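Engineer: Got a structure for you, questions after.
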Amino acid sequence: MNPPLLFTSLRTRSLELRNRIVVSPMCEYSSHDGFANDWHLVHLGSRAVGGAGLVLTEACAVTAEGRISPDDLGIWKDDHVAMLARITAFVRSQGAAAGIQLAHAGRKAGTAAPFKGGKPLPAAEAWQIVAPSPLAFAPGYAQPHEVSKSEIAAIIGDFAAAAARALTAGFQVIELHAAHGYLIHQFLSPLSNQRSDAYGGSFDNRCRLACEVVEAVRGVWPAELPLWVRISATDWVEGGWDVADSVALARRLRPLGVDLMDCSSGGNVAHAQIPVGPGYQTVFAEQIKRETGMATGAVGVITSPEQAEHILVTGQADAIILARQMLREPYWPLRAAHELGHPIAWPEQYARAAWVGRESPRR
Ligand SMILES: Cc1cc2nc3c(=O)[nH]c(=O)nc-3n(C[C@H](O)[C@H](O)[C@H](O)COP(=O)(O)O)c2cc1C
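At position 327 of the sequence shown (counting the first as 1) the number is 328 in my numbering, and the numbers step up by one without a gap.
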């Protein structure tokens, strides 16, 4: 019997993922001065032990100013590399690939971690935030400084420098965060980008930063390693970025060296009405894959092995990207394999706990 598609390997450039289960980036807000620590080692390491094919870090800031909160993970200085290298070594030793999400929060930077209130920081703790246009994200948020062309060039350089450090740290996949209303998405969407220079106005101009970041990262990231991009396929707002724009963006990014579009949505405007429900974003992965031929990742309220397998069997996406279910259940892949009738090897230390026959925690 053929294995379930979820447990077939996924080749992305020279990298062969052992299965199609990806741990979605999830901010832990547990860093000091951007440094990874034991929390990140255990958090990411457990998910590698749990059988995922690829473990992506949370949004990792390419500059200190690009942090969502003071507690974000970062990779803006060489000193950050050593602990990240320890984490990638462990993740890889467990048979998973190690990936990093590179991010700049733009006008959504400078807030408290969600479990510290999540609000914009008080003036004494805040820093100058930047954006394509001087438009605050929402009432109560600081008005961002409109970045100049030279500041844009510096940010592009920051992404490239971060990518070079990621390579030194042993990461095998870079995912650029161009979703959820962070800086690159702010440039893409006409709702947040009202510039009249080469980085605003027309569709091509709004895509320019995304394209230039991809080119700069590709300039330092080896050709044999994959580069993924997470987008918000739609702003869910009339007149905003939409899925047709996402298809057009994918067509531009592919020849620049992007291998997979991770299809999320929303986050750029606070008042968007989002119909959240099981698999609610999978339709975007399906459309982008169908219309561009690019590999896509489906994310968003995917929780059961059957649902994940269905997405793959029906050709809607190439990778299944799980966030909250992997927090609930770090060993979800081991259970999924069992329930799909294709048990996979457990870490030998845990082999005596492997489910046999019809036994599983749900039964
Ligand atoms: C605790 C937490 C932190 C998150 N942090 C990030 C992040 O750093 N980068 C990102 O692109 N998405 C982030 N997300 C969004 C998830 O990656 C994912 O897209 C979203 O939760 C939907 O998937 P799910 O239904 O499987 O949770 C976060 C989600 C959660 C729950």
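Note that beta-carbon positions come from the ideal geometry of N, C-alpha and C, so glycine has one too. These figures come from a predicted structure and were not determined experimentally.
Could you give the C-beta distance for glycine 52 and proline 334, rounded to a whole number, given that I count them as a contact under 8 angstroms?
Structural biologist: Rounded, the Cβ-Cβ distance is 3 angstroms, consistent with contact.
Engineer: Output the distance between the C-alpha atoms of serine 305 and valine 284, rounded to the nearest integer angstrom.
Structural biologist: The alpha-carbon atoms of serine 305 and valine 284 are separated by roughly 17 angstroms.
Engineer: Give me the Cβ distance between aspartate 72 and serine 47, rounded to the nearest whole Å; I'm assuming they're in contact under 8 angstroms.
Structural biologist: With a Cβ gap of about 20 angstroms, aspartate 72 and serine 47 do not count as contacting.
Engineer: Measuring straight from C-alpha to C-alpha, what distance separates alanine 296 and proline 123?
Structural biologist: Taking the straight line from one Cα to the other gives about 42 angstroms.
Engineer: Keeping to the same chain, check which residues put their C-beta closer than 7 angstroms to that of alanine 346; ignore five residues upstream and five downstream.
Structural biologist: So no residue of the chain qualifies.
Engineer: Helix, strand or coil: how does DSSP classify glutamine 274 here?
Structural biologist: Of the three classes helix, strand and coil, the one that applies to glutamine 274 here is coil, per DSSP.
Engineer: Is it buried or exposed for valine 63, if we count other Cβ within 10 angstroms and need 16 for buried?
Structural biologist: Buried, because 16 or more other Cβ atoms sit within 10 Å of the Cβ of valine 63.
Engineer: Taking the runs of the alpha helix (DSSP H) that are 4 residues or longer, which of them lie wholly in the segment 139-222?
Structural biologist: Runs of the alpha helix (DSSP H) inside the segment 139-222: 150-169, 184-189, 204-221.
Engineer: Over what stretch of residues does the beta strand (DSSP E) that includes arginine 12 continue unbroken?
Structural biologist: Taken as a continuous stretch (DSSP letters only), the beta strand (DSSP E) holding arginine 12 covers 11-13.
Engineer: Under 9 angstroms between the Cβ atoms of alanine 299 and isoleucine 321?
Structural biologist: In this structure, isoleucine 321 lies closer than 9 angstroms to alanine 299 by Cβ.
Engineer: According to DSSP, is glycine 358 helix, strand or coil?
Structural biologist: Of the three classes helix, strand and coil, the one that applies to glycine 358 here is coil, per DSSP.
Engineer: Closest to tyrosine 332 by CA distance: which of Trp40, Gln95, Glu29 is it?
Structural biologist: If we check each option's Cα against that of tyrosine 332, Gln95 comes out closest.
Engineer: Under the three-state reduction of DSSP, which class applies to histidine 33: helix, strand or coil?
Structural biologist: Strand, per DSSP.
Engineer: Distance check for isoleucine 303 and glutamine 282, CA to CA, integer angstroms please.
Structural biologist: Glutamine 282 and isoleucine 303: Cα-Cα distance of roughly 10 angstroms.
Engineer: Going along the chain, which residues of its own chain have a beta-carbon closer than 6 angstroms to the beta-carbon of glycine 268, five neighbours each way excluded?
Structural biologist: Excluding sequence neighbours, glycine 268 sits near His181, Gly182, Ser233.
Engineer: If you count every other CB in all the chains shown that lies within 10 Å of the CB of proline 109, and 16 or more means buried, which is it?
Structural biologist: Checking the sequence, you will find lysine at residue 109 rather than proline. When all chains shown are included, lysine 109 counts as buried.
Engineer: Counting C-beta neighbours from all protein chains within 10 Å, is the total for glutamate 66 16 or more, i.e. buried, or is it exposed?
Structural biologist: Buried is the call here.
Engineer: Would DSSP call proline 348 helix, strand or coil?
Structural biologist: Correct three-state label for proline 348: coil.
Engineer: Contact check, glycine 236 vs alanine 286 under 8 angstroms by CB: the rounded distance?
Structural biologist: The amino acid at residue 236 is misidentified as glycine; the sequence shows aspartate. Contact flag wrong, Cβ pair sits at about 17 angstroms.
Engineer: What is the DSSP secondary structure of methionine 327, counted as helix, strand or coil?
Structural biologist: Correct three-state label for methionine 327: helix.
Engineer: Report, in whole angstroms, the separation of the C-beta atoms of proline 133 and phenylalanine 188, which I expect to be a contact under 8 angstroms.
Structural biologist: Between phenylalanine 188 and proline 133 the Cβ distance is about 5 angstroms, and since that is below 8 angstroms, they are a contact.
Engineer: Based on DSSP bridge pairs, tell me the residues matched to valine 131.
Structural biologist: Answer is His146, bridged to valine 131.
Engineer: When DSSP builds the beta bridges, which residues end up paired with tryptophan 237?
Structural biologist: The partner list for tryptophan 237 (beta bridge, DSSP) is empty, contrary to what the question assumes.
Engineer: Thinking C-alpha only, which one of Leu261, Val221, Ala154, Trp229 is nearest arginine 209?
Structural biologist: The shortest Cα separation from arginine 209 among Leu261, Val221, Ala154, Trp229 belongs to Ala154.
Engineer: Using only the alpha-carbon positions, how far apart do isoleucine 175 and alanine 354 sit?
Structural biologist: Straight-line Cα distance between these residues: approximately 34 angstroms.
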